[in-house]
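Single-structure report; data block below.
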DNA sequence: ATACTGTTCAACACTGATGTATAAAATTGT
DNA sequence: ACAATTTTATACATCAGTGTTGAACAGTAT
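Chains as they are written, first to last, in our numbering: chain A, 1 to 216; chain B, 217 to 432.
Dropping the structure here:
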């Protein structure tokens, strides 16, 4: 379609910058993947929205599948850098990691979502850089004397990651101002820290609550 | 393809049962939507996997879009019934709702996932039956004297729902035995209840922890 | 200037899906 | 027995995407 009709806007003199072109493609790709999932991603649409020719996209990424893979890899690295730092001094205090995670996810909700879909569908999750770091963090914390006894680390990890990633999606942080986004991240971090410090129930109101799960 | 080649397996004598046919289609549709998202759903594939003719699928659901809508509506109703009961006596104790939710999501992880995608992309979330019920539940609990002060109800709701739905996906409950699934649901409920009762941190180890969110 | 690389454009063969249409078979209700 | 409904089987027009190719063009580096 866009191939047969002459471009209405004259072909923008795209400064040659393969790195930027690649990033532009990856960014649009991530955005679309977050919206409709990896299976629905089309190279045509990515190229169109990124303002590059479809041929260019195929030049950088040979096939659709490779574009999907490159996008998820790229996102995972971005996320690791943003949450744990660039390798210099790792930021490991649990409350700091939580805050970083919340802020990153609010700023880039599509990245979080892409990462979530990626990790859920990966055969071997230890292949993922971010997950390895996060898991190490959690295990270390749970084993430390700063944590309560009997925490289920895996449930804990899944709970924190899934809610941190989906909270901004729920709040539609994409269409918010920077100030609103800041407040969203803070709301999340605040409530999570409150929960982690105090819990939810007033224990005295649940004297009979056996710890075994209930369901009808 | 399957339309031009004669079927190798003889056409199964499909007992006429429009209700079951409809449900069979919806079930497959939900499964596929959970895997690849609504945008990637194809009527052809659904019909094939459901073992019905493509024409039949179009007979029950006029267009692809309508199939998507019907599927999400159907899932939302199923979920409401499973978690809150069929309208008779509503099951409202928070720990029971949590247990029901965990068990439902572990048994039918695809339904939870479909519902999650649906609710996240809905303009007006109050249109959704399950969400209305759940929100009412949460608001009532947070306002009660059984709950701590200062709980952020919205963060709480998103946290519980997102983790309950994604926990079975993470654990790949689909490929587990009934016993394993039971244990998965119990693990989740147990840790959540533990968290809700005690929190995560030993407070005495964090005397300096200001409540304001931290990030670097 | 020349060679190289990134980028654009247009065309092509192919696949697979949508939505429509029509006829026929099978099952059920009356 | 008859009518209505459900299901199958085909066919067809249409559209959108994939992956490939070849030629041209535009900056960049040597």
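We put the beta carbon where it would ideally sit given N, CA and C, even for glycine.
*State buried or exposed for residue 316/B, treating a residue as buried only when at least 16 other CB atoms are found within 10 Å of its CB.*
buried
*Does the Cβ of residue 433/B have 16 or more other Cβ atoms within 10 Å, making it buried, or fewer, making it exposed?*
Shown here, chain B extends from 217 to 432; a query on residue 433/B therefore has no answer.
*asked:* Suppose you measure from the CA of residue 172/A to the CA of residue 44/A; what does that come to, to the nearest Å?
replied: 26 Å
*Does the distance from the C-beta atom of residue 138/A to that of residue 33/A stay below 8 Å?*
Contact: no.
*Who pairs with residue 201/A in a beta bridge, going by DSSP?*
363/B
*Taking 8 Å as the CB-CB cut-off, is residue 166/A touching chain B?*
yes
*Would you report the Cα separation of residue 254/B and residue 146/A, rounded to the nearest angstrom?*
Cα atoms of residue 254/B and residue 146/A: separation of roughly 43 Å, rounded to the nearest angstrom.
*Mind pulling the chain B residues with CB within less than 7 Å of residue 196/A?*
415, 416, 417
*asked:* Short of 8 Å Cβ to Cβ, which residues in the segment 398-409 of chain B face chain A?
replied: Answer in chain order: 401, 402, 403, 404, 405, 406, 407, 408, 409.
_Less than 7 Å between C-beta atoms, sequence neighbours within five positions excluded: which residues of the same chain meet that for residue 173/B?_
Within the shown structure, residues of chain B are numbered from 217 to 432, placing residue 173/B beyond reach of any answer.
*Evaluate residue 378/B with the Cβ neighbour count: other Cβ atoms within 10 Å of its Cβ, from every protein chain shown; 16 or more gives buried, anything less gives exposed.*
Its Cβ being crowded by 16 or more others within 10 Å, residue 378/B is buried.
*Under 8 Å, do residue 417/B and residue 197/A count as touching if we go by C-beta distance?*
yes
*Work out the CA separation of residue 273/B and residue 295/B for me, nearest whole Å.*
24 Å
*Please name the residue in 134/A, 62/A, 28/A, 63/A whose C-alpha comes closest to that of residue 46/A.*
28/A
*asked:* Under 8 Å, Cβ to Cβ, is there at least one residue of chain A near residue 255/B?
replied: yes
*For residue 247/B, count neighbouring Cβ atoms within 10 angstroms of its own Cβ and tell me buried if that reaches 16, exposed if not.*
buried
*Ordered along the chain, which non-local residues of its own chain (more than five positions away) have a Cβ less than 6 Å from that of residue 406/B?*
none
*Close-in-space but distant-in-sequence residues of the same chain around residue 130/A (CB under 6 Å, 5 per side omitted)*: Leaving aside the five residues that flank residue 130/A on each side, the residues in its chain whose CB is nearer than 6 Å to its CB run, in chain order, 76, 79, 80.
*Can you find a CB in chain A that lies within less than 8 Å of the CB of residue 252/B?*
Answer yes: the Cβ-Cβ gap between residue 252/B and chain A drops below 8 Å somewhere.
_For residue 160/A, tell me which candidate among 140/A, 174/A, 193/A, 183/A has the shortest Cα-Cα distance._
Among 140/A, 174/A, 193/A, 183/A, the Cα nearest to that of residue 160/A belongs to 193/A.
*Taking all protein chains shown into account, do 16 or more other C-beta atoms lie within 10 angstroms of the C-beta of residue 233/B, making it buried, or fewer, making it exposed?*
exposed
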